[in-house]
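What follows is a set of notes on a single structure, which appears directly below.
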Amino acid sequence: MRALLYYLAILNLMDAFITFFGLYYSYIAEANPLMNLLYEINPYLFISLKVGLTILLLFLTNKWKAFHSPLPKMLVVFASTLYTLAFLLHSYWLWNV
Numbered sequence: 004m005r006a007l008l009y010y011l012a013i014l015n016l017m018d019a020f021i022t023f024f025g026l027y028y029s030y031i032a033e034a035n036p037l038m039n040l041l042y043e044i045n046p047y048l049f050i051s052l053k054v055g056l057t058i059l060l061l062f063l064t065n066k067w068k069a070f071h072s073p074l075p076k077m078l079v080v081f082a083s084t085l086y087t088l089a090f091l092l093h094s095y096w097l098w099n100v
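Residues 4 to 100 in the numbering used here are what the sequence shown lists, from first letter to last.
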């Protein structure tokens, strides 16, 4: 489980920078309204939140003991799957630019 949380944190960080790059050069559009608003306010606010969430996830990975119940495990697997798909989609878009 811990490895999956580390994977999710790394994927979140990579997605943050790929999304930032794609938005900066207008190759992609941010579909998440909250993240889009943050990017429009200040692109560095967007990247700071993504990096901050990654740091929080890493902190929780080392401190939180609730991952023994089924619900958190399912949520982490679900989030990892969604992030993997989003990361692959963003990578594909940027690769074909």
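Even glycine gets a Cβ: it sits at the ideal position worked out from N, Cα and C.
Assignment of V100 by DSSP, reduced to helix, strand and coil, places it in the coil class. Around the C-beta of A34, fewer than 16 other C-beta atoms lie within 10 Å, and the residue is accordingly described as exposed.
Shown here, S94 sits in a helix according to DSSP, grouped into three states. Beyond the five residues adjoining it in sequence on each side, I50 comes within less than 7 angstroms, by CB distance, of A19, F23 in the same chain, given in chain order.
Note on geometry: alpha-carbon atoms of L41 and K66 lie some 29 angstroms from one another. Its Cα nearest to that of T64, the residue V79 stands out among V79, N39, A32.
With a cut-off of 8 angstroms on Cβ pairs, the region 83-92 is not in contact with the region 46-60, counting fewer than three such pairs.
Look at Y42 here: in three-state DSSP terms it is helix. Exposure of H71 is indicated by the presence of fewer than 16 other C-beta atoms within 10 angstroms of its C-beta.
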